[in-house]
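Have a look at the structure below, then the notes.
Okay, structure coming up:
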């Protein structure tokens, strides 16, 4: 799948933003006044910034408002609803903490639940696709949630907890890569099932249907740069989990180290998300004899 | 709404004969022509006369080579591919805006371009590559089964079939109601063992593909072949002398003697 920068930025930034909102919603930490403003500003900048970035990959953004209409069947539509609800509820909760020095506990818990549900719906957009076997698995959802929760823990300054969650996320990521690598083959789609010609023998492409490229190849048969996958996996684990975990576990009170850890984590997360797309093979590639 | 209908009154679709298709791409061109001038926005081309031309097509003809497992000559199969108008169309249910839908009256899967926001998720959900986002208009394009031809009473009756079917010079494309077991297309599918593409994806395509018939297998290429063997194995007369003389110079004769 084509690793579009807009979608990578959307899913990483909004994931961290909603993760932070979830922690703030359960009053971890309980913040008030200007401190609260700072936390919520960061969380909303990430969450809303990410959502805005996602609109850049739309071909016809003027119809984006219609994305609220199909919540009965479409995960993308559900994501639109839940994300807006989460932002509204957390906005009310934040107003209480910033302006009234009051925590509306139930509202906070509701907002936290909606924030994590937003991340869940985002993950389901990918995990629902049978056409991309690498994504079509509950570990996709688990990882999206873990990245959001651990990134949120890091941003909200939970030193020990964040370190543990970051390492746990890294471990699940490694385990998930191991599982996902063989999934395309395990699902059994081949050029033979794609063409129905397997009963005759071994099929290979003789001629592509067009000499140039097309939308399908650009969007779904992304094969460039996969040779760096190993390096990027190492980067995703080291920068995404190990280094930030060590940084915050060692210098637990320093704000500078916390910021540094967050930036390093985001770098690793970007590598992870790039791989998430670049390594995902769509079954349509079988028709072109390439994945 | 992007909920799929429980059932459709008819299941209009195509039956494509892989035995007959000659790979001429006439269906591709007629499809592009009709659908650029009619339903929805035109099918655009990018850099059409430049070094990297590409564009939107609703129908594309692949070509595959099949190598029999027991050896024997490989076979080329031309393979037209367009939307299969699946019963369980995953492209429809993922659509967030309600632009994609499957019609109850005839089962055709369509895109309402006025509602499409161009997110491309439906193209991701389709295993067959049947949907292409138009790069100029930014909306999703797909086969309409020529919905603007098949019911069009302004056209002569023989033209009220999809453009690709009308134009196919080999008669490899057939159009009809696949939910009616008595229709010509259903009979053809039953007779020739019509098959689904990627059945493991669970999409239940309406369009069927008729497999290529087995080719004749003979041990001898042709019964006349023996008569085409060279009559004289070794040259005689002047040519024989020349052969020997030249062979002596180059040393080839010694080789020949050694070999014999």
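Protein chains in written order, with the numbering used here: chain A, 1 to 291; chain B, 292 to 551.
Even for Gly, the Cβ is constructed at its ideal location relative to N, Cα and C.
For clarity, every value in this text was computed on a predicted model and none was experimentally measured.
Strictly below 8 Å CB to CB, what residues from chain A border residue 372/B?
In the second chain, residue 372/B corresponds to position 81, counting from 1. Per Cβ cutoff of 8 Å: 209 and 287.
Distance, residue 311/B Cα to residue 551/B Cα:
Stepping through the second chain from its first residue, residue 551/B is reached at position 260. Stepping through the second chain from its first residue, residue 311/B is reached at position 20. In this prediction, residue 551/B scores a pLDDT of 38, lower than 50, which makes its location untrustworthy; the coordinate-derived value is nonetheless stated afterwards. Straight through space, the alpha carbons of residue 311/B and residue 551/B are spaced by roughly 50 Å.
Of all the beta strand (DSSP E) runs that stay within the bounds of the region 440 to 509 of chain B, which reach a length of 3 or more residues?
DSSP runs (the beta strand (DSSP E)) wholly in the region 440 to 509 of chain B: 464 to 468 and 499 to 501.
Is residue 125/A helix, strand or coil when you go by DSSP?
Indexing the first chain from 1 puts residue 125/A at position 125. Residue 125/A carries a helical assignment under DSSP once its states are collapsed to helix, strand and coil.
As a quick exercise: from 71/A, 57/A, 12/A and 119/A, pick the residue whose alpha carbon is nearest that of residue 314/A.
Nothing about residue 314/A can be reported from this structure: the residues present for chain A run from 1 to 291 only.
Measuring CB atoms only, is the region 386 to 395 of chain B touching the region 67 to 75 of chain A, in the sense that at least three cross pairs come out at less than 8 Å?
Touching, per the Cβ criterion.
Once DSSP output is grouped into helix, strand and coil, what is the label at residue 242/A?
Translated into the one-based positions of the first chain, residue 242/A becomes position 242. DSSP, reduced to helix, strand and coil, places residue 242/A within a helical segment of the structure shown.
Nearest candidate by alpha-carbon position, reference residue 154/A, set 91/A, 262/A and 44/A
Working through the first chain from its first residue, we reach residue 154/A at position 154. If we check each option's Cα against that of residue 154/A, 262/A comes out closest.
On the criterion of 16 or more Cβ atoms from any shown chain inside 10 Å, does residue 548/B qualify as buried, or is it exposed?
If you number the second chain from 1, residue 548/B lands on position 257. Here residue 548/B scores only 45 on pLDDT, less than 50, and its place in the model is too uncertain to base an answer on.
What is the C-beta distance between residue 172/A and residue 145/A, in whole angstroms, given that I count them as a contact (C-beta under 8 Å)?
In the first chain, the residue the question calls residue 172/A occupies position 172. In the first chain, the residue the question calls residue 145/A occupies position 145. About 10 Å; that fails the 8 Å criterion.
Strictly by DSSP, which residues pair up with residue 367/B?
Position 76 of the second chain holds residue 367/B. Its beta-bridge partners are 356/B.
Hey, how far is the Cα of residue 1/A from the Cα of residue 412/B?
Within the first chain, residue 1/A is the residue found at index 1, counting from 1. Within the second chain, residue 412/B is the residue found at index 121, counting from 1. Between residue 1/A and residue 412/B, the C-alpha separation is close to 12 Å.
Beta carbons nearer than 7 Å to chain B: which residues of the region 99 to 122 of chain A have them?
Of all residues in the region 99 to 122 of chain A, none has a Cβ within less than 7 Å of some Cβ in chain B.
Nearest chain B C-beta to residue 189/A closer than 7 Å, yes or no?
Within the first chain, residue 189/A is the residue found at index 189, counting from 1. For residue 189/A, a Cβ of chain B is located within less than 7 Å of the residue's own Cβ.
Going by the beta-carbon positions, is the gap between residue 369/B and residue 352/B smaller than 7 Å?
The residue you call residue 369/B lines up with position 78 of the second chain. The residue you call residue 352/B lines up with position 61 of the second chain. For residue 369/B and residue 352/B, yes; Cβs fall inside 7 Å.
Please identify, using Cβ separations under 8 Å, the residues of the region 339 to 360 of chain B that lie next to chain A, in order along the chain.
Here the close residues are 343, 344, 345, 346, 347, 348, 351, 352, 353, 354, 355, 356, 357, 358, 359 and 360.
For the pair the region 7 to 24 of chain A and the region 263 to 272 of chain A, tell me if three or more CB-CB distances fall below 8 Å.
Taking one beta carbon from each stretch, the region 7 to 24 of chain A and the region 263 to 272 of chain A have 3 or more pairs nearer than 8 Å; the two touch.
If you draw a straight line from the alpha carbon of residue 318/B to that of residue 347/B, how long is it in whole angstroms?
Translated into the one-based positions of the second chain, residue 318/B becomes position 27. Translated into the one-based positions of the second chain, residue 347/B becomes position 56. Approximately 14 Å, taken between the alpha carbons.
What three-state label does DSSP hand residue 206/A in the structure shown?
On the first chain, position 206 is the one that residue 206/A refers to. The three-state secondary structure of residue 206/A, taken from DSSP, is strand.
Per-residue DSSP class, three states only, for residue 345/B:
Numbered from 1 along the second chain, position 54 holds the residue referred to as residue 345/B. Looking at residue 345/B - three-state DSSP - the assignment turns out to be strand.
What does the alpha-carbon distance come out to for the pair residue 467/B and residue 333/B?
Along the second chain, one-based indexing puts residue 467/B at 176. Along the second chain, one-based indexing puts residue 333/B at 42. Rounded to the nearest angstrom, the two C-alpha atoms are 26 Å apart.
Name the residue from 186/A, 24/A and 12/A whose alpha carbon lies nearest to the alpha carbon of residue 94/A.
In the first chain, counting from the first residue as 1, residue 94/A sits at position 94. Checking every option, the nearest Cα to that of residue 94/A belongs to 24/A.
Taking the beta carbon of residue 504/B as the centre, do at least 16 other beta carbons fall within 10 Å, making it buried, or is it exposed?
Indexing the second chain from 1 puts residue 504/B at position 213. By the beta-carbon neighbour count (other beta carbons within 10 angstroms, threshold 16), residue 504/B is exposed.
Taking 7 Å as the threshold (beta carbon to beta carbon), is residue 429/B in contact with chain A?
Walking along the second chain from the start, residue 429/B turns up at place 138. It does: the Cβ of residue 429/B has a partner Cβ on chain A nearer than 7 Å.
In the DSSP assignment, what are the bridge partners of residue 394/B?
In the second chain, residue 394/B corresponds to position 103, counting from 1. DSSP, once it has assigned bridges, lists no residue as partnering residue 394/B.
Listed from N- to C-terminal order along the chain, which residues in the region 397 to 415 of chain B have their beta-carbon within a distance smaller than 9 Å of any beta-carbon of chain A?
Of all residues in the region 397 to 415 of chain B, 404, 405, 406, 407, 408, 409, 410, 411, 412, 414 and 415 have a Cβ within less than 9 Å of some Cβ in chain A.
Which of helix, strand or coil does DSSP assign to residue 514/B?
Within the second chain, the letter at position 223 stands for residue 514/B. The answer is coil: DSSP assigns residue 514/B none of H, G, I, E or B.
Pick out whichever of 229/A, 213/A, 156/A and 217/A has its Cα sitting closest to the Cα of residue 344/B.
What you label residue 344/B is simply residue 53 of the second chain in a count that begins at 1. The residue with the shortest Cα to Cα distance from residue 344/B is 213/A.
Taking 7 Å as the CB-CB limit, is residue 386/B close to chain A?
On the second chain, residue 386/B is found 95 positions in, with the first residue counted as 1. Among the residues facing chain A, residue 386/B is included, as its CB has a counterpart in that chain under 7 Å away.
Whole runs of the alpha helix (DSSP H) within the region 2 to 34 of chain A, excluding any shorter than 4 residues
Uninterrupted alpha helix (DSSP H) stretches at least 4 residues long and entirely within the region 2 to 34 of chain A occur at 5 to 25, given in chain order.
Residue 360/B classed as buried or exposed, judged by whether at least 16 other C-beta atoms fall within 10 angstroms
Mapped onto the second chain, residue 360/B falls at position 69. By the 10 Å Cβ count, residue 360/B comes out exposed.
So, is residue 506/B buried or exposed, given that buried needs 16 or more other C-beta atoms within 10 angstroms?
Residue mapping note: residue 506/B aligns to position 215 of the second chain, counting from 1. With fewer than 16 other Cβ atoms from the protein chains shown falling within 10 Å of its own Cβ, residue 506/B counts as exposed.
Are the beta-carbon atoms belonging to residue 303/B and residue 398/B less than 7 Å from one another?
Taking the first residue of the second chain as position 1, residue 303/B is located at position 12. Taking the first residue of the second chain as position 1, residue 398/B is located at position 107. Yes, the Cβ-Cβ distance between residue 303/B and residue 398/B is below 7 Å.
Taking residue 258/A and residue 157/A to be in contact with their CB atoms under 8 Å, please state how far apart those CB atoms are, rounded to whole angstroms.
Within the first chain, numbered from 1, the residue matching residue 258/A stands at position 258. Within the first chain, numbered from 1, the residue matching residue 157/A stands at position 157. Right, their Cβ atoms sit about 6 Å apart.
For residue 176/A, three-class secondary structure by DSSP
By 1-based counting over the first chain, the position of residue 176/A is 176. DSSP, read as helix, strand or coil, puts residue 176/A in helix.
The region 48 to 69 of chain A: positions lying closer than 7 Å to chain B by Cβ
Residues are counted here when their Cβ sits less than 7 Å from a Cβ of chain B; for the region 48 to 69 of chain A these are 58, 59, 60, 61, 63, 64, 66, 67 and 69, given in chain order.
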